[in-house]
Amino acid sequence: MVYTYHRLRYTAALALSFACDSGYSLHIDIELPEEVVAAYSEDQRGILYVDVRPGGGFDPVYRPVAVVCGETTRYSVENFGDGEVPDTRILAWIDPATGGTCGPIDRSWASADDKEVYPDKGEPQAEGMVQETSTCNHSEDVELVLSVS
């Protein structure tokens, strides 16, 4: 009886040592080219948003990334999830704004269901897609370059 218990315990420990901690991270880099930021200034600001929509029944999330005031720059955001990476659509855009301090906004992700801001045709935007993967601790780099459609 004691032998069986120790054998079962050893087998469980061995199985756990080969298991991996599943999860993924998306590193999203957003470039604002000169022709896009030229439309913004201290007097005419815009807010850069990112919307992440994973497939497979996962909840979409969004966040404001920065207040754009005419500077050419890049912004980076991270998105993490449990399990494996599902097919994921990523959208970034600039929406007109009337205030806010120019530069990055330090804010966490929110539920996309609570969002009241959506990109309009003609606003600078970019879209990317991450393909589903089934690897442990997967990290994916996504690069988006905004343009006016």
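The opening residue of the sequence shown carries number 411 in our numbering; numbering runs sequentially from there.
Cβ atoms here follow ideal geometry from the backbone N, Cα and C, with glycine treated the same way.
Predicted model only: the values in this text are computed from it and were never measured.
Which residue from the options puts its Cα closest to that of residue i?
| i | options | result |
| --- | --- | --- |
| Thr-482 | Glu-444, Gly-466, His-437 | Glu-444 |
| Pro-514 | Pro-474, Ile-500, Asp-497 | Pro-474 |
| Pro-529 | Asp-439, Cys-512, Trp-503, Val-552 | Trp-503 |
| Tyr-434 | Val-478, Val-471, Glu-488 | Glu-488 |
| Leu-501 | Tyr-450, Glu-452, Val-446, Arg-463 | Arg-463 |
Where do the N-terminal and C-terminal ends of the alpha helix (DSSP H) with residue i fall, by residue?
| i | result |
| --- | --- |
| Glu-542 | No alpha helix (DSSP H) contains Glu-542, which DSSP labels as neither H nor E. |
How long is the line joining the alpha carbons of residue i and residue j, rounded to whole angstroms?
| i | j | result |
| --- | --- | --- |
| Tyr-459 | Arg-517 | 11 Å |
| Leu-436 | Gln-454 | 31 Å |
| Phe-490 | Ala-448 | 32 Å |
| Glu-494 | Asp-461 | 19 Å |
| Glu-542 | Gly-456 | 32 Å |
| Glu-441 | Pro-506 | 18 Å |
| Tyr-415 | Gly-465 | Only weak support is given to the placement of Tyr-415: the predicted model assigns it a pLDDT of 46, under 50, and the question is left unresolved by the model. |
| Gly-538 | Ser-557 | 13 Å |
| Ala-423 | Glu-550 | Per-residue confidence for Ala-423 stands at a pLDDT of 41, beneath the threshold of 50, marking its modelled position as unreliable; the derived number appears in the next sentence. So the two alpha carbons sit approximately 31 Å from each other. |
What does residue i pair with, by DSSP beta-bridge criteria?
| i | result |
| --- | --- |
| Phe-490 | Ser-435 |
| Glu-481 | In the DSSP output, where bridge partners are listed per residue, Glu-481 has none listed. |
| Val-552 | Ile-438 |
Output the boundary residues of the beta strand (DSSP E) element that contains residue i.
| i | result |
| --- | --- |
| Val-477 | 471-478 |
| Val-460 | 455-464 |
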